[in-house]
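Residues 1 to 65 in full-length UniProt numbering are what the sequence shown spells out, letter by letter. The beta-carbon is built from N, C-alpha and C at its ideal position, and this holds for glycine as well. What follows is a short report on a single structure.
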Amino acid sequence: MAHPKRKTSKTRRDKRRTHYKAVAPTLAKDPTTGEMHLYHRAHWHEGKLYYRGQVLIDKAEEASA
Numbered sequence: 001m002a003h004p005k006r007k008t009s010k011t012r013r014d015k016r017r018t019h020y021k022a023v024a025p026t027l028a029k030d031p032t033t034g035e036m037h038l039y040h041r042a043h044w045h046e047g048k049l050y051y052r053g054q055v056l057i058d059k060a061e062e063a064s065a
């Protein structure tokens with residue numbers, strides 16, 4: 001059986017165990033507004049909340065009501 005010749009330091013052990021990587025967020029372009037946004041997220045554009053090309057909330061209608 002193999003035995004370590006020296007004790008592995010905590011830093012070396014932890015470096016080996018990391019699997020975190022910096023990943024750029026995936027962006028999508030809204031078909032109606034052309035606005036760039038995160039996938040599977042609603043986004044605001046000119047006072048309206050859009051999701052998958054459809055208006056969910058219109059601030060102008062809420063203010064007048």
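Using a threshold of 9 angstroms, state whether the C-beta atoms of residue 24 and residue 36 are closer than that. no
Roughly how many whole angstroms lie between the Cα atoms of residue 50 and residue 20? 32 angstroms
Does the distance from the C-beta atom of residue 31 to that of residue 53 stay below 9 angstroms? yes
How big is the Cα-Cα spacing for residue 45 and residue 26? 19 angstroms
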